[in-house]
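Just below is one structure, and these are the notes that go with it.
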Amino acid sequence: DARVTQTPRHKVTEMGQEVTMRCQPILGHNTVFWYRQTMMQGLELLAYFRNRAPLDDSGMPKDRFSAEMPDATLATLKIQPSEPRDSAVYFCASGLVSLDTQYFGPGTRLTVL
Amino acid sequence: SQQGEEDPQALSIQEGENATMNCSYKTSINNLQWYRQNSGRGLVHLILIRSNEREKHSGRLRVTLDTSKKSSSLLITASRAADTASYFCATAHTSGNTPLVFGKGTRLSVIA
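As structure tokens, then:
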């Protein structure tokens, strides 16, 4: 049963620290998305990759967030420095260009103190 | 900004009853999707309906789409306690698995 995996599942850190979240998309999927979920804002797109190329990162604060796909099996989202307002659940999703369905990972719950 | 807006925000029903959730959106779309999220979990895709379709069924789920009103509804028939979750509509402006714009969801509670 193919699934999107994310690590870590939970992260508690102090303000100013670097946070790295990792995602392993479903093997063979060529689109990858990072979404952030908060009670106030709901689900928001942070970044979008197709065939490992970044297509849209307009949802990310560029001065502190960065998203990369070093290879087809790994996507990373980094926050440096982290701030309390970054506390949220970060989801990775993957899919195929030929199909419009997205498959979500279990999320990383980030708490910045 | 949010594209989809679900209504109601919360819904509580008895097991066996039908649950209807509505979604409205603002701009033209290629497709509209419904996802379910159990507490503390990721989102699970339920059903996709394209802009040229009016109705789709999947098991106990029925989705309608009215592009003239920019609205969709999700009907869950014969609800079960296991259907308790949050339900989100999400819209895509184009095909090709492009980013989805989510509403804030309807929280459904099915009481046994």
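Chain order of the listed sequences is Y and F.
Each residue of the first sequence is one higher than the one before, counting from 1 in this note's numbering.
Each residue of the second sequence is one higher than the one before, counting from 114 in this note's numbering.
For every residue, glycine included, the Cβ atom is placed at its ideal position computed from N, Cα and C.
On a predicted model such as this, the values are computed, not experimentally measured, just so you know.
- Any Cβ of chain Y closer than 9 angstroms to the Cβ of alanine 198 of chain F would place that residue at the interface, and such an atom is absent.
- Residues of the same chain with a CB within less than 8 angstroms of the CB of alanine 194 of chain F, apart from the 5 flanking positions on each side, are Glu128, Val223, Ile224, Ala225 in chain order.
- The alpha-carbon of threonine 13 of chain Y is positioned some 6 angstroms away from that of leucine 113 of chain Y.
- Using a CB distance below 7 angstroms, the part of the region 90 to 101 of chain Y facing chain F consists of Phe91, Gly95, Leu96, Val97, Leu99, Asp100, Thr101, ordered along the chain.
- With a threshold of 9 angstroms between beta carbons, serine 208 of chain F makes contact with chain Y.
- Each residue's CA atom was taken as its position, placing glycine 42 of chain Y and aspartate 86 of chain Y some 13 angstroms apart.
- With contacts defined by Cβ atoms closer than 9 angstroms, serine 184 of chain F and valine 176 of chain F do not form a contacting pair.
- When the Cα atoms are used, glutamine 80 of chain Y and serine 66 of chain Y turn out to be separated by approximately 8 angstroms.
- Here aspartate 71 of chain Y carries a strand assignment [DSSP, helix/strand/coil].
- The Cβ atoms of proline 25 of chain Y and serine 94 of chain Y sit closer than 9 angstroms to each other.
- Taking C-alpha positions only, methionine 60 of chain Y is separated from tyrosine 35 of chain Y by approximately 10 angstroms.
- Comparing alpha carbon positions, the residue from Y:Phe33, Y:Glu68, Y:Asp1, Y:Gly16 closest to phenylalanine 91 of chain Y is Y:Phe33.
- Annotation: the continuous beta strand (DSSP E) that includes valine 32 of chain Y extends over 31 to 38.
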